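**Student:**
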Amino acid sequence: MSQGMRLDGVSKTFGEGAQAVEALGPIDLVIEAGSFVAVVGPSGCGKSTLLRLLAGLDLQTAGRIARAGRPLEGPSRDVGIVFQEHVLFPWATVLENVLLPADVLGLPREPARARALHLLELTGLSDFAEKRPQHLSGGMKQRAALCRALLADPQILLLDEPFGALDALTREELSLFLSRNWDELGRTALLITHDIEEAVLLADRVLVMSPRPGRIRADIAVDLPRPRTIDTPRDPRFVEIKQKIRELIFTPAEL
Amino acid sequence: MRANRWTKRAATPVVYAALLVVWELTVRSFAVPQWILPAPSVIATTALQWAPELASNGLVTLIETAVGFLAALLLSLPAAAVIAFTDLPRRILYPIVLGLQSIPKVALAPLVTLWLGLGELPKITIVILVCFFPILVNVVAGLEAAPKPMLDLMRSLNASPMMTFRRLRVPVALPHLFTGCKIAITFAVIGAVIAEFVAAQRGLGYLILISTAQAQTPLAFAAILLLTLISVLLFYAIERVERRLIDWSP
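Below, the structure written as structure tokens:
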């Protein structure tokens, strides 16, 4: 569990005094190294807040977050993020966009370029390396964003509703792609999503969150074999887990 | 469809030519005095006759405009960076800048001439004054226009402020800079001419002033046309640079 993450009593409050809004927590959570954890919940349940805390983009109001046994101190090159929007720079080519972390972090140019080209090939974007993002479809842009997040070989991949802005077919195609290639891409991952099927297809564990303030209501193990494929959603066990999560989301927490 | 496209392409020049003909015929048939409204043919012959004077005076105005514009560009960029990225100087400077922006700069022309004399310097100064603010205000807006998700991305990579500036803020600000420049360059020509109106021995503004004073209306028209041409050409020159530098669409 060298590169896992650990949260102890982590909470986040926005604003102060009478206007204060409790967005999250307190949350206790351990994310084991190498595991794929999905977080589902209705909008406003604080799942994106959780991700921003783990990314070091925001600071928790209380509690402790540790990565690899050490307290988290802001953003780190060991964490790769795929945002909800692709956030590709329109003035740069796809390859330049994927190489951005190498430029910012000052990684050696040639190995970084080789890795970028490899990732683009893996995601089927080789022919678009020299194109501008405007020439890519929504799904291709998100794949390019995934390549960028993976470029510096981060220990942890944070996915903030990465397929949320895409149409249903592209979303399914991308989650199947991610699932298929998880052996190659695999590392510790945390996926924020509002798509239960996507969560179950990809994750080893699904955390169900409830809103106001965001708390983890259930922690469900997904004991489905890998690699998961297009047939996995027909597995009775898959359907069962999905149903269980659905019920957890749609029934009041008091019960 | 083919004929239709030809019509579309030809429409503008045909209409313009027709207007010139109407102008020519109106002036001739009503025998309008030349000092009130010269016919296009008279303006053309006058322009040819006075070509050397038009060229040398046009060059003076062009240089005043270009030098003033470039100086304003050089001055406004660092000022914009200071205003966009520092807190205290911003709070002190920006209200002054916005206040100064609302002063009609041409009203300052006589004062500037009084202070700086009769040479090129007061003209260039007026051009700087009219160009500075549109560029500054647009660049400040541009430097602050970087979308939050992109800033988050740079932050997630632990990018230094300098790196974020270079890799994100500058490209985002570039289209804003050109918007400012295109507004400024049209003001610049006006600024140069007005400064020449106040006191000058050279330049198209000077030429317009003395030719109208002597009722040489055709020459004034020729000078005004040349001035318009300079203004349009400078605008397109900036647009060309813009198209070369900004070849992406967001």
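From first to last, the protein sequence lines are chains B and D.
Following numbering that gives the first Met the number 0, the numbering of the first sequence begins with 0 at its first residue and continues without gaps.
Following numbering that gives the first Met the number 0, the numbering of the second sequence begins with 0 at its first residue and continues without gaps.
Glycine included, every Cβ here is placed at the ideal spot set by N, Cα and C.
Remember, predicted model here, so these are calculated numbers, not experimental data.
At which residue ranges does the segment 4-80 of chain B contain complete alpha helix (DSSP H) runs of 4 or more residues, listed in the order of the chain?
**Tutor:** Segments of the alpha helix (DSSP H) lying fully in the segment 4-80 of chain B: 46-54.
**Student:** Check whether chain B comes within 8 Å of Ala158 (chain D), counting only Cβ atoms and requiring the distance to be less than that.
**Tutor:** Yes, Ala158 (chain D) lies at the interface with chain B (some Cβ there is under 8 Å from its Cβ).
**Student:** Hey, Leu158 (chain B) and Leu190 (chain B): beta-carbon distance below 8 Å or not?
**Tutor:** Yes, they are a contact pair.
**Student:** So what's Thr192 (chain B) in DSSP terms, helix, strand or just coil?
**Tutor:** Strand at Thr192 (chain B).
**Student:** Inspect the CB distances between the segment 231-245 of chain D and the segment 178-195 of chain D and report whether three or more fall short of 8 Å.
**Tutor:** Touching, yes.
**Student:** Under the three-state reduction of DSSP, which class applies to Leu149 (chain B): helix, strand or coil?
**Tutor:** Reduced to three states, the DSSP call for Leu149 (chain B) is helix.
**Student:** Cα-Cα, which of B:Arg233, B:Ile244, B:Arg227 is closest to Ala220 (chain B)?
**Tutor:** That would be B:Ile244, whose Cα lies nearest to the Cα of Ala220 (chain B).
**Student:** For the pair the segment 181-201 of chain D and the segment 103-114 of chain B, tell me if three or more CB-CB distances fall below 8 Å.
**Tutor:** Taking 8 Å as the limit for Cβ pairs, the verdict is that the segment 103-114 of chain B does not touch the segment 181-201 of chain D.
**Student:** Closest to Asp152 (chain B) by CA distance: which of B:Arg114, B:Ser136, B:Leu168, B:Ala167 is it?
**Tutor:** Considering only alpha carbons, the answer is B:Arg114.
**Student:** Tell me which residues share the same chain as Gly14 (chain B) and place their Cβ nearer than 7 Å to its Cβ, disregarding the 5 neighbours each side in the sequence.
**Tutor:** So the qualifying residues of the chain are Val20.
**Student:** In the DSSP assignment, find the unbroken alpha helix (DSSP H) run with Leu228 (chain D) in it and report its ends.
**Tutor:** First-last of the alpha helix (DSSP H) with Leu228 (chain D): 216-244.
**Student:** Quick check on Asp86 (chain D): does DSSP put it in helix, strand or coil?
**Tutor:** Three-state DSSP puts Asp86 (chain D) in a helix.
**Student:** Would you say Val103 (chain B) lies against chain D (beta-carbon separation less than 8 Å)?
**Tutor:** Yes, Val103 (chain B) lies at the interface with chain D (some Cβ there is under 8 Å from its Cβ).
**Student:** Looking at the secondary structure, which residues open and close the beta strand (DSSP E) in which Arg214 (chain B) lies?
**Tutor:** Residues 214-220.
**Student:** Take the Cβ of Asp194 (chain B) as the centre, count every other Cβ of all protein chains shown within 10 Å, and call the residue buried at 16 or more, exposed below.
**Tutor:** Buried.
**Student:** Pick helix, strand or coil for Thr187 (chain B), following the three-state DSSP scheme.
**Tutor:** In this structure, Thr187 (chain B) counts as strand in the three-state DSSP scheme.
**Student:** Skipping 5 residues on each side, what residues in its chain have a beta carbon closer than 8 Å to that of Val81 (chain D)?
**Tutor:** Same-chain partners within the cutoff: Pro88, Arg89, Leu92.
**Student:** Spatial neighbours of Asp230 (chain B) within its chain, please: CB distance less than 6 Å, with the 5 preceding and 5 following residues excluded, ordered by chain position.
**Tutor:** None.
**Student:** Taking only the alpha-carbon atoms, compute the straight-line gap between Ala51 (chain B) and Asp57 (chain B) and give it to the nearest angstrom.
**Tutor:** Reading the sequence as shown, one finds Arg at residue 51 (chain B) and not Ala. Distance between the alpha carbons of Arg51 (chain B) and Asp57 (chain B) is about 6 Å.
**Student:** Please compile the residues from chain B whose C-beta is within a distance smaller than 8 Å of the C-beta of Arg154 (chain D).
**Tutor:** Per Cβ cutoff of 8 Å: Leu56, Pro74.
**Student:** Going by C-alpha to C-alpha distance, which of B:Ala217, B:Gly24, B:Arg5 sits closest to Arg211 (chain B)?
**Tutor:** Closest by alpha carbon: B:Gly24.
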